[in-house]
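Residue numbering for the sequence shown follows UniProt numbering, beginning at 1 and increasing consecutively.
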Amino acid sequence: MLWLQGPRTETGEDMAELHLHGSPAIVSAVLEALGRFPGCRMAEAGEFTVRAFRNGKIDLAQVEGLADLIAADTEAQRKQALAQAQGALSKLYEGWRGSLIEASALAEAAIDFSDEADVADDAFARARAIVAEVLPAILAHLNDGHRGEILRDGFRVVLAGAPNAGKSSLLNALARRDAAIVSDEAGTTRDAIEVRLDLSGLPVIVTDTAGIREATGAIEREGIRRSLEHVREADLVLWLCDAREPLPAMPAEVAHRDPAQSLTVATKIDLLPAASTDAPPLPFAADLAISVRTGGGLNVLIQRIAAIAGQRIGDQSSPALTRERHRESLNHCAEALASFLAGDADQHELRAEDLRMAVQALGRITGRVDVEDILGQIFSRFCIGK
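Structure (structure tokens):
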């Protein structure tokens, strides 16, 4: 048994660790014996982390980083989660918060010394200078293309195209298993099918969708509606087309996308008539040409997807937003700071309130204020030992 005395422990409290042999019978017997002691019970999910948070050993952003670390599937996710768990985001936000607390103190001083115009004006000028430096940094952090959320949740690739374009076959080839039913009969896929891939350490979610065409049946129309919904939410759309057929008309959801977020892929090139060159001519312009049957072009396609995902996620060494609640709080903070800069400087009380709201918004991210409502949601995803 090891006795660990607080506050220099992970939870900040006194702790005892029992190191046992690995036999399930021994572990069960010890737990049963401990359960007979008054006040001794099994820990709840995430309880050790809750205690660490309550005792100020970690903040809420670090707790979320730990949750992401537990759930990480790829190396890139692990690195981002570990950095957050170790306080990278907290340090950034607390730095901004400290600067805004200083600006808020100056604004309050201007109110206290409002009868001395020179002192009040100087204090407000210094507060404005601080805000003018912090606000652009927050806005730049917000304008990150959601790279942190994409890395945390996965880069979404949607396979779209007409029926029998080879979408399900490509999904199976990428997954290296029979994730989707493949048939010569058009319209086999009705519901979207997802597989998760690790491409160069980046999490990629590939979704096979129902073939898009003019449908008459209610079920197929619903499948196509869902396909287009997935297309709208995708980070990258692969528009698959049979290399033997003319390019089918693209729906607006594909045709009007940013060109950097879609690729036209010619499929079944092994079925093209033999040509004198290694690359038979295609009836349409395509970004890539593949054959699932022979494997031709698949490695190039995978490399292209990984490159686009890596470009979208960007520099992984700098702290990135990973949750919508962080983004919401930062937006509230930025709005309050913009109001401070744009408002009438003579209305000292209103401008000071702008700064108080900005400081409070940043404090919500790290758990300094108003976080009880989200604690249960976060800690419920932890295992007992955390």
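All C-beta atoms, glycine included, are put in the ideal place defined by N, C-alpha and C.
- G148 is the residue among H348, I308, G148 whose C-alpha sits nearest the C-alpha of A76.
- For the alpha helix (DSSP H) assignment, the uninterrupted runs of no fewer than 4 residues enclosed by the stretch 82-134 are, from N- to C-terminal side, 88-112.
- Per the DSSP secondary-structure output, C241 pairs in a beta bridge with A266.
- Between the stretch 338-345 and the stretch 354-372, the count of Cβ pairs shorter than 8 Å is three or higher; the stretches touch.
- D198 carries a strand assignment under DSSP once its states are collapsed to helix, strand and coil.
- The DSSP-derived three-state label of D144 is coil.
- In the three-state reduction of the DSSP assignment, E17 falls in the strand class, which pools E and B.
- Beta bridge pairing from DSSP links R156 with I205.
- Residue state for G161 is assigned as strand, using DSSP reduced to three classes.
- Following the DSSP letters along the chain, one finds L4 inside the beta strand (DSSP E) bounded by residues 2-4.
- Non-local C-beta neighbours of E233 in its own chain, meaning closer than 7 Å and more than five positions away in sequence, comprise R156, ordered along the chain.
- Straight through space, the alpha carbons of S168 and S227 are spaced by roughly 13 Å.
- Residues G6, P7, R51, N55 of the same chain have their beta carbon placed closer than 8 Å to that of E13, with the five preceding and five following residues left out of the count.
- Of all alpha-carbon atoms in D68, L298, T11, the one lying nearest the alpha-carbon of K57 is that of T11.
- Bounds of the alpha helix (DSSP H) holding N331 are 324-342.
- The C-alpha of E328 lies about 19 Å from the C-alpha of L151.
- For N172, the enclosing alpha helix (DSSP H) stretches over residues 167-175.
- Excluding residues up to 5 positions away in sequence, L34 lie with their Cβ nearer than 7 Å to the Cβ of C40 in the same chain.
- With at least 16 other beta carbons inside 10 angstroms of its own, K268 counts as buried.
- Counted as a single uninterrupted DSSP element, the stretch harbouring A286 is not any alpha helix (DSSP H), since DSSP gives it neither H nor E.
- Closest option to M250, judged by alpha-carbon separation, among I205, R221, R213: R213.
- Residue burial annotation: A252 is exposed, with fewer than 16 other C-beta atoms found within 10 angstroms of its C-beta.
- Residue range 348-366 is occupied by the alpha helix (DSSP H) that includes R356.
- Under the Cβ criterion (8 Å, minimum of three pairs), the stretch 57-66 counts as touching the stretch 86-95.
- Checking the DSSP bridge columns, you'll see L236 partnered with V157.
- Beta-carbon to beta-carbon, G154 and V204 are separated by about 6 Å, close enough to satisfy the 8 Å threshold.
- Contact annotation, L171 with I193: C-beta distance approximately 7 Å; criterion of less than 8 Å satisfied.
- L288 is a Cβ neighbour of V265, given a cutoff of 8 Å.
- Judged by DSSP secondary structure, V369 falls outside any alpha helix (DSSP H); it is assigned neither H nor E.
- Distance from the CA atom of P273 to the CA atom of F284, rounded to whole angstroms, is 15 Å.
- Each of A81, Q303, L82, V134 was checked against the Cα of I101, and the nearest Cα belongs to V134.
- Beta-carbon to beta-carbon, L202 and T74 are separated by about 6 Å, close enough to satisfy the 8 Å threshold.
- When DSSP states are grouped into helix, strand and coil, I193 belongs to the strand group.
- Excluding the 5 residues flanking it on each side, I308 has same chain C-beta neighbours closer than 6 Å at L236, in chain order.
- Following the DSSP letters along the chain, one finds A255 inside the alpha helix (DSSP H) bounded by residues 252-255.
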